[in-house]
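Have a look at the structure below, then the notes.
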Amino acid sequence: MTQCYPLVNPPLPYGYGALEPYIDEKTMCLHHDRHLQGYIDKLNGLLLDYSCLQNCSLAALLQNCGKLPKSVRTSILNNAGGVFNHQFFFEGMAPCSKTLPKTVLYQRICKDFGSFEAFQEAFRKEALSVFGSGYAWLVLERGCLRIVQTANQVTPCLPLQTSILNLDVWEHAYYLKHFNLRRDYISDWFSVINWEKANQRYLDAV
Ligand code: MN3
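Going by numbering that gives the first Met the number 0, the first residue of the sequence shown is number 0, and it counts up by one from there.
Written out as structure tokens, the structure is:
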């Protein structure tokens, strides 16, 4: 979120095939090297002509959109959102995600949703109901955990909502392995959630 123009695409924090058998290597490779790279290239291309925006961080571009030149506002928001949402998604996964550690976040999930299973069911339902392309998110809003969805590359509203986890449900995120079965993809994603990262995001937010 602190990076500025020109943005670069750091490698994934794990190998392309590290999330197998839940998320396949080819999907991760295309998702990171082509889809995310595409947003980075487009954002850099837009910022090239606006030197006044080149010192703005990704967070600043997303949070101060009213100050962006009207002619490029939508394009900058779409592409900056595409960069943030993907990096957040990739960092929110890890290989060999063991059983959920009994972290502060875990306790909070159980408190706000009734049980961990109830949270999973609510998240599954929200992710399944995203119409077309978008994301399901676990966010912290006014001190409570909530599950929300955003369309396309919209990012949850800072500072009202602080993101804890997100799931990309664009078809490119799962079609090669799961075909049209988004439900199976959601179940597999639960096996590769980086709960330590999610817990750290939660601790940073409270
Ligand atoms: Mn994607």
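All residues carry an ideal CB built from backbone N, CA and C; glycine is no exception.
Starting from L144, trace the beta strand (DSSP E) in both directions and tell me its first and last residue.
143–150
Going by DSSP in three states, Q2 sits in which element: helix, strand or coil?
coil
What residues come near the ligand MN3, if near means a beta carbon less than 6 Å from any of its heavy atoms?
H30, H34, H85, D167, W169, H171, A172
Which residue or residues does DSSP assign as beta-bridge partners of M235?
Lying before the first or after the last residue shown, residue 235 is absent from the chain, which here runs from 0 to 205.
Given L159 as reference, the closest of Q152, D167, V168, V147 once Cα atoms are compared
V147
Between the alpha carbons of Y105 and F89, how many angstroms are there, rounded?
21 Å
Within 10 angstroms of its Cβ, does G91 collect 16 or more other Cβ (buried), or is it exposed?
buried
Where D48 sits in the DSSP three-state scheme:
coil
Looking only at its chain, what residues have a beta carbon closer than 7 Å to the beta carbon of Q152, apart from the 5 residues adjacent to it on each side?
N77, G80, G81, N84
CB of L35 within 7 Å of CB of Y4, strictly:
no
Using only the heavy atoms of the ligand GDP, determine whether one of them is closer than 6 Å to the beta carbon of E195.
As presented, the structure is devoid of the ligand GDP, carrying the ligand MN3 as its sole ligands.
Buried or exposed: where does S114 fall if 16 or more other Cβ atoms within 10 Å of its Cβ makes it buried?
exposed
Own chain partners of A126 with C-beta closer than 8 Å, once the 5 adjacent residues on each side are dropped:
A135, Q148, L166, V168, R181, I185
If distances are taken between C-alpha atoms only, which option among I22, Q62, A17 comes closest to T1?
Q62
Unbroken alpha helix (DSSP H) run spanning I185, endpoints:
181–189
Taking the CB atoms as reference points, tell me whether P100 and Y13 lie closer together than 7 Å.
no
Starting from A135, follow the beta strand (DSSP E) in both directions and report where the run begins and ends.
133–140
Hey, could you find the ends of the alpha helix (DSSP H) T73 is sitting in?
69–90
Same chain, Cβ closer than 7 Å to C55, neighbours up to 5 away in sequence not counted:
C3
What would DSSP say about L215, mapped onto helix, strand or coil?
One cannot answer for residue 215 here, as it falls past the ends of the chain, which runs 0 to 205.
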